[in-house]
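Quick note on the working numbering: the sequence shown kicks off at 52 and runs consecutively.
Each remark here refers to the structure printed beneath this line.
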Amino acid sequence: MTVGNSLPELEPSRAGAEDDAFLALHAERETVERALSLAHARQRFSQNPDEAERAKAEEADLLAQLDRIMTRIRAAEYKRRPGARRW
52 MTVGNSLPEL
62 EPSRAGAEDD
72 AFLALHAERE
82 TVERALSLAH
92 ARQRFSQNPD
102 EAERAKAEEA
112 DLLAQLDRIM
122 TRIRAAEYKR
132 RPGARRW
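So this is what it looks like as C-alpha coordinates:
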(Lines of atoms letter the chains of each structure in order from A and count residues from 1; the text may use other names and numbers.)
(Lines give C-alpha, C1' and ligand atoms only; values in the text may rest on other atoms or scores of the structure.)
Protein backbone atom coordinates (compact mmCIF):
# COMPACT_ATOMS: atom_id res chain seq x y z
CA MET A 1 0.00 0.00 0.00
CA THR A 2 1.21 3.55 -0.65
CA VAL A 3 0.87 6.78 1.24
CA GLY A 4 0.11 10.31 -0.04
CA ASN A 5 3.02 11.00 -2.37
CA SER A 6 3.44 7.37 -3.46
CA LEU A 7 5.99 6.42 -0.81
CA PRO A 8 5.84 2.79 0.25
CA GLU A 9 4.15 2.23 3.58
CA LEU A 10 6.69 1.20 6.20
CA GLU A 11 6.31 -1.81 8.42
CA PRO A 12 6.24 -0.87 12.14
CA SER A 13 9.13 -3.23 12.84
CA ARG A 14 11.38 -1.45 10.33
CA ALA A 15 12.10 1.72 12.25
CA GLY A 16 15.43 3.45 12.34
CA ALA A 17 18.13 5.08 10.31
CA GLU A 18 17.65 2.77 7.30
CA ASP A 19 14.02 3.84 6.94
CA ASP A 20 14.91 7.49 7.45
CA ALA A 21 17.51 7.27 4.69
CA PHE A 22 15.01 5.53 2.39
CA LEU A 23 12.39 8.22 2.98
CA ALA A 24 15.01 10.94 2.50
CA LEU A 25 15.84 9.50 -0.92
CA HIS A 26 12.19 9.69 -1.93
CA ALA A 27 11.95 13.26 -0.64
CA GLU A 28 15.06 14.16 -2.65
CA ARG A 29 13.54 12.50 -5.74
CA GLU A 30 10.37 14.53 -5.34
CA THR A 31 12.34 17.77 -5.01
CA VAL A 32 14.34 17.04 -8.18
CA GLU A 33 11.19 16.07 -10.10
CA ARG A 34 9.55 19.38 -9.16
CA ALA A 35 12.65 21.31 -10.24
CA LEU A 36 12.59 19.39 -13.53
CA SER A 37 8.99 20.43 -14.12
CA LEU A 38 9.88 24.06 -13.52
CA ALA A 39 12.93 23.89 -15.80
CA HIS A 40 10.79 22.34 -18.53
CA ALA A 41 8.16 25.06 -18.15
CA ARG A 42 10.84 27.77 -18.33
CA GLN A 43 12.12 26.23 -21.57
CA ARG A 44 8.67 26.16 -23.13
CA PHE A 45 7.33 29.52 -22.00
CA SER A 46 10.35 31.79 -21.59
CA GLN A 47 10.44 34.71 -23.97
CA ASN A 48 14.14 35.21 -23.30
CA PRO A 49 16.30 32.78 -25.35
CA ASP A 50 19.13 32.98 -22.78
CA GLU A 51 16.77 31.96 -19.98
CA ALA A 52 15.45 29.07 -22.07
CA GLU A 53 19.02 27.92 -22.73
CA ARG A 54 19.88 28.10 -19.01
CA ALA A 55 16.75 26.08 -18.24
CA LYS A 56 17.82 23.47 -20.80
CA ALA A 57 21.25 23.15 -19.16
CA GLU A 58 19.62 22.96 -15.73
CA GLU A 59 17.28 20.23 -17.00
CA ALA A 60 20.24 18.14 -18.17
CA ASP A 61 21.89 18.48 -14.75
CA LEU A 62 18.65 17.62 -12.95
CA LEU A 63 18.12 14.54 -15.13
CA ALA A 64 21.59 13.28 -14.17
CA GLN A 65 20.78 13.91 -10.49
CA LEU A 66 17.47 12.08 -10.83
CA ASP A 67 19.20 9.10 -12.44
CA ARG A 68 21.64 8.85 -9.51
CA ILE A 69 18.83 9.15 -6.96
CA MET A 70 16.71 6.50 -8.70
CA THR A 71 19.69 4.13 -8.76
CA ARG A 72 20.12 4.61 -5.01
CA ILE A 73 16.38 4.07 -4.44
CA ARG A 74 16.43 0.83 -6.43
CA ALA A 75 19.41 -0.40 -4.37
CA ALA A 76 17.65 0.54 -1.12
CA GLU A 77 14.46 -1.20 -2.23
CA TYR A 78 16.42 -4.34 -3.04
CA LYS A 79 18.03 -4.31 0.42
CA ARG A 80 14.60 -4.02 2.03
CA ARG A 81 13.33 -7.21 0.41
CA PRO A 82 13.19 -10.27 2.63
CA GLY A 83 16.13 -12.57 1.96
CA ALA A 84 18.04 -9.94 -0.03
CA ARG A 85 21.63 -10.92 -0.62
CA ARG A 86 24.30 -8.75 1.02
CA TRP A 87 27.53 -8.62 -0.95
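Glycine residues also receive a C-beta, built at the ideal position from the N, C-alpha and C atoms.
Small disclaimer: the values here were computed from a predicted structure and weren't measured.
Express the C-alpha separation of residue j and residue i in angstroms, rounding to a whole number.
i, j, result
"S97", "A103", "6 Å"
"R119", "R85", "16 Å"
"T82", "A111", "15 Å"
"D71", "D101", "40 Å"
"M121", "R80", "7 Å"
"E109", "H91", "9 Å"
Span of the alpha helix (DSSP H) holding residue i?
i, result
"Q94", "68 to 96"
Where does residue i sit, in a helix, a strand or coil, going by DSSP?
i, result
"A111", "helix"
"A106", "helix"
Would you mind sorting residue i into buried or exposed? The rule is 16 or more other CB atoms within 10 Å of its CB.
i, result
"L89", "exposed"
"A106", "buried"
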